[in-house]
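Taking it in order: structure first as structure tokens, then the write-up.
Residue numbers (UniProt numbering): 1 to 576.
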């Protein structure tokens, strides 16, 4: 009875509390839950007087990229204050994906076909589009020195994404030419080969960079990657090292370690929501190219994927031929390549990024590389960083624009150890002494002399104008090389016969053979030296080099050792 009486008393006391008080208490609890769930930081901003969080920079103490470039960027030495009504990484990320207002302009589209038959859409916005006199003709001259920025979008993003258009518009308004390299199958382009892009696929970026460098050799190239595009960019820079023509780059909200990121987005309820959203976008991408993907992988398993890991297991690993998902993540993580980056690189990450965890940021690797400057902010979301009351600006866009502009005006721009230019300069000393090796754009190698370059011209003509197969081109070029070698040997033999006219036949033959051997050795020596340089700089042309070496050396070997071989063989072998 006593317990019941106490319960009755409590119920009576509770009934005496006005309902409005309960409503307020419920509202407070719900607000506290949402504040924690959405990771709001408006109270922290209020306590700091809405000054924002300080930008933290990580760099090598002796980094010239920092001292001569990043130190001149005001945005990297100030504070970042998020838009007050977007004071949450989740709100910023969602707002960027659904409601962000992007600058209004129209791209100029160029379709580029890569070596395996795939098609990439290159969307251009030129500096001349903002010409006051309206003199834009939509073209870039070959000798134009206006910098070009290549933008690499993130996962399932293309040139129409809001953050991409903000970056493109900012650089174009500064007088630079900007091109967005859409991933395969995105930007409204069909898949035209059996190859799909993924988080570690750098071949498309490599081909686009080399293509633009060859087409516009006077224009400095800069690259900017966002989200998964940042991972692809950093991986490409690390793979290329000194050999890339890129003068500078910026990485925005890179996942860095794909394995750590994959485990992070499956950890909590909020992260699992992002994981399902990404998987939904990947399945939408797959449905656009169902005829090709269904032929290469298990289509039913792809359509039932509920996470990015399941999609990568059923689609990415099968098409790209990775043994397991973890193998794919480990091999394609850009954290493995940051130490070999030789290009001035600005990396920007938000510590509250809901997709790319701070646990994957390579702090020590960035500090050890003199070419890398890492900027981190307490807030910003994923590739968002909205600022201003109207959320009309992205902080990282202004920072990257400022960094690339300062880099362009500094002596820190990366200069490529150009294979073709470096090779040519190293061969100049031997041009007057013998033939040198000329490397053509497609990797073919030909021997050229300083006295007569007709052979090189014929080979280039064959490669440029022949519309046959590679085998046909090989046969034609082989015949040209063989004819040239036989002609050179005949000329050498005739000149030596004139010199040894007054000597006996045996002595003249020996002298002729001796002089021919010396001249052939003089011919071969610089060629061998040049081919060794080519092998070091052009690993992909190794098989071409071996083929050319066999074809060009065989006639010379016959002249050098043919008589000795015949003299050493038994008479009965020769008769037979």
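A virtual CB, placed ideally from N, CA and C, is assigned to each residue, including glycine.
Query                                                                                                                        : Result
Distance between beta carbons of residue 92 and residue 102, contact taken as under 8 Å                                      : With a Cβ gap of about 15 Å, residue 102 and residue 92 do not count as contacting.
6 Å Cβ shell around residue 198 - same chain, five flanking residues per side excluded                                       : 316 and 320
Selected residue, minimal CA-CA separation from residue 138, among 149, 35, 126 and 144                                      : 126
Outcome for residue 167 when other beta-carbon atoms lying within 10 angstroms are tallied against a minimum of 16           : buried
Residue closest to residue 292, alpha-carbon to alpha-carbon, out of 356, 279, 184 and 381                                   : 184
For residue 37 and residue 16, the rounded distance between their alpha carbons                                              : 33 Å
CA-to-CA distance, residue 14 to residue 8, given in whole angstroms                                                         : 10 Å
CB of residue 64 within 8 Å of CB of residue 276, strictly                                                                   : no
Residues that DSSP places opposite residue 387 in a beta bridge                                                              : 393
Where residue 223 falls: helix, strand or coil (DSSP)                                                                        : strand
Cα-Cα separation between residue 45 and residue 52, rounded to whole angstroms                                               : 6 Å
Whole-angstrom C-beta distance between residue 221 and residue 255, which should lie under 8 Å                               : At roughly 24 Å, the Cβ-Cβ gap does not stay under 8 Å, so residue 255 and residue 221 are not in contact.
Residues bridged to residue 123 (per DSSP)                                                                                   : 109 and 180
7 Å Cβ shell around residue 110 - same chain, five flanking residues per side excluded                                       : 122 and 124
Closest Cα partner of residue 263 within the set 150, 415 and 357                                                            : 357
Cα-Cα separation, residue 497 to residue 218                                                                                 : The predicted position of residue 497 is uncertain, since its pLDDT is 48 and thus under 50; no value can be drawn from it.
Secondary structure of residue 460, DSSP reduced to three states                                                             : Residue placement at residue 460 cannot be trusted, given a pLDDT of 42 that sits under 50; what the coordinates show is reported in the next sentence. Helix, per DSSP.
Residues that DSSP places opposite residue 347 in a beta bridge                                                              : 251 and 374
Cα-Cα separation between residue 374 and residue 351, rounded to whole angstroms                                             : 12 Å
DSSP three-state assignment for residue 40, whether helix, strand or coil                                                    : coil
Interface flag, residue 264 vs chain C, CB-CB below 8 Å                                                                      : Note that chain C does not occur in the displayed structure, where there is just one protein chain.
C-beta atoms of residue 289 and residue 302 nearer than 8 Å                                                                  : no
Whether residue 278 touches residue 155 by CB criterion (8 Å)                                                                : yes
Candidates 410, 55, 249 and 87: closest to residue 388 by CA position                                                        : 87
Residues of its chain near residue 238, where Cβ-Cβ distance is below 8 Å and the 5 sequence neighbours each way are ignored : 334, 336, 337, 338, 339, 340 and 341
Best match in 151, 177 and 160 for proximity to residue 145 [C-alpha to C-alpha]                                             : 177
Local conformation of residue 69 per DSSP, three classes                                                                     : coil
8 Å Cβ shell around residue 415 - same chain, five flanking residues per side excluded                                       : 247
Which listed residue (283, 287 and 295) has its alpha carbon closest to that of residue 307                                  : 283
Under the three-state DSSP convention, the category residue 130 falls into                                                   : helix
Closest residue to residue 164 among 397, 407, 143 and 406 (Cα-Cα distance)                                                  : 397
Cβ-Cβ distance between residue 181 and residue 150 below 8 Å                                                                 : yes
Range covered by the alpha helix (DSSP H) that runs through residue 325                                                      : 325-332
Limits of the unbroken alpha helix (DSSP H) element including residue 232                                                    : 228-240
Buried versus exposed, by CB contacts within 10 Å (16 or more), residue 33                                                   : exposed
Candidates 250, 285, 240 and 67, of which the one nearest residue 229 by Cα                                                  : 250
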